[in-house]
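**Q** So in numbering that gives the first Met the number 0, the last spot in the sequence shown is 135, and the numbers never skip.
Shown below is the structure under consideration.
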Amino acid sequence: MSENKVKTQAVVVDANDHSTTQIGYDRCEMSKNIELDASELSGTGRYLTVCATVKNVCPDKRIAIGMALYEKAGGGRVLKGHKSFVASHSENCCADITLNNVHFILPEEIAETCDTDSQCHERNFELDFASHYVDM
Numbered sequence: 000m001s002e003n004k005v006k007t008q009a010v011v012v013d014a015n016d017h018s019t020t021q022i023g024y025d026r027c028e029m030s031k032n033i034e035l036d037a038s039e040l041s042g043t044g045r046y047l048t049v050c051a052t053v054k055n056v057c058p059d060k061r062i063a064i065g066m067a068l069y070e071k072a073g074g075g076r077v078l079k080g081h082k083s084f085v086a087s088h089s090e091n092c093c094a095d096i097t098l099n100n101v102h103f104i105l106p107e108e109i110a111e112t113c114d115t116d117s118q119c120h121e122r123n124f125e126l127d128f129a130s131h132y133v134d135m
């Protein structure tokens with residue numbers, strides 16, 4: 000019995016830089032592992048994971064789901080990120096659709112505060128969530 004060993008390709012990324020990594024698959028190669036080394040992380044930020052459920056979705060109907068994340072500052076709101084999805088289900092009756100692990104990365108350098116060099120300050124956010132049928 001032969002062992003299939005997966006080779007890992009290491010890539011060093013500075014959190015404040017953009018990096019593009021070329022990834023090629025050989026013929027009949029089915030999987031590949033990529034390792035991104037962030038040990039020299041030069042930026043800081045917050046990480047938000049959202050799970051959301053749309054209740055009572057009709058069977059075989061697609062719904063559009065949108066999320067908009069705003070940072071609250073000075074009595075106003077500043078858009079920090081947005082996500083959109085299309086989802087459906089094929090149950091026999093109305094059912095709930097859950098989106099798990101929707102991620103927002105919120106670097107400190109774009110914080111709506113005077114001190115963007117530290118995570119030691121409070122930040123406040125609002126998440127707008129909307130859903131609507133695509134198929135009528």
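Ideal placement from N, C-alpha and C gives every residue a C-beta, glycine not left out.
If you're wondering where the values come from, they're calculated on a predicted model, not measured in any experiment.
Buried or exposed for K54, please, with buried defined as at least 16 other CB atoms from any protein chain shown within 10 angstroms of its CB.
**A** Label assigned to K54: exposed.
**Q** Count the other C-beta atoms from every protein chain shown that fall within 10 angstroms of the C-beta of K79, then say buried if there are 16 or more, exposed otherwise.
**A** Looking at its Cβ environment, which holds 16 or more other Cβ atoms inside 10 Å, K79 is buried.
**Q** With a threshold of 16 other CB atoms inside 10 Å of the CB of D129, please say whether the residue is buried or exposed.
**A** Note on residue identity: the sequence assigns Ala, not Asp, to residue 129. It counts as exposed.
**Q** Compare the Cα-Cα distances from M135 to each of V101, C57, D95 and T20 and report the closest residue.
**A** Measuring from the Cα of M135, the nearest candidate turns out to be C57.
**Q** Using CA coordinates, which residue listed in F84, A67 and E28 is at the minimum distance from R76?
**A** R76 has its Cα closest to that of A67, out of F84, A67 and E28.
**Q** Distance, Cα to Cα, R61 vs H131?
**A** C-alpha separation (whole angstroms): 9 Å.
**Q** By DSSP, does I62 sit in helix, in strand, or in coil?
**A** Strand.
**Q** Confirm, please, whether the CB-CB distance from T20 to H102 is below 7 Å.
**A** No.
**Q** Closer than 6 Å to a non-hydrogen atom of the ligand GTP - does that hold for the CB of E70?
**A** This structure lacks the ligand GTP, and indeed carries no ligand of any kind.
**Q** Is A110 buried or exposed, if buried means 16 or more other CB atoms sit within 10 Å of its CB?
**A** Under this definition A110 is a buried residue.
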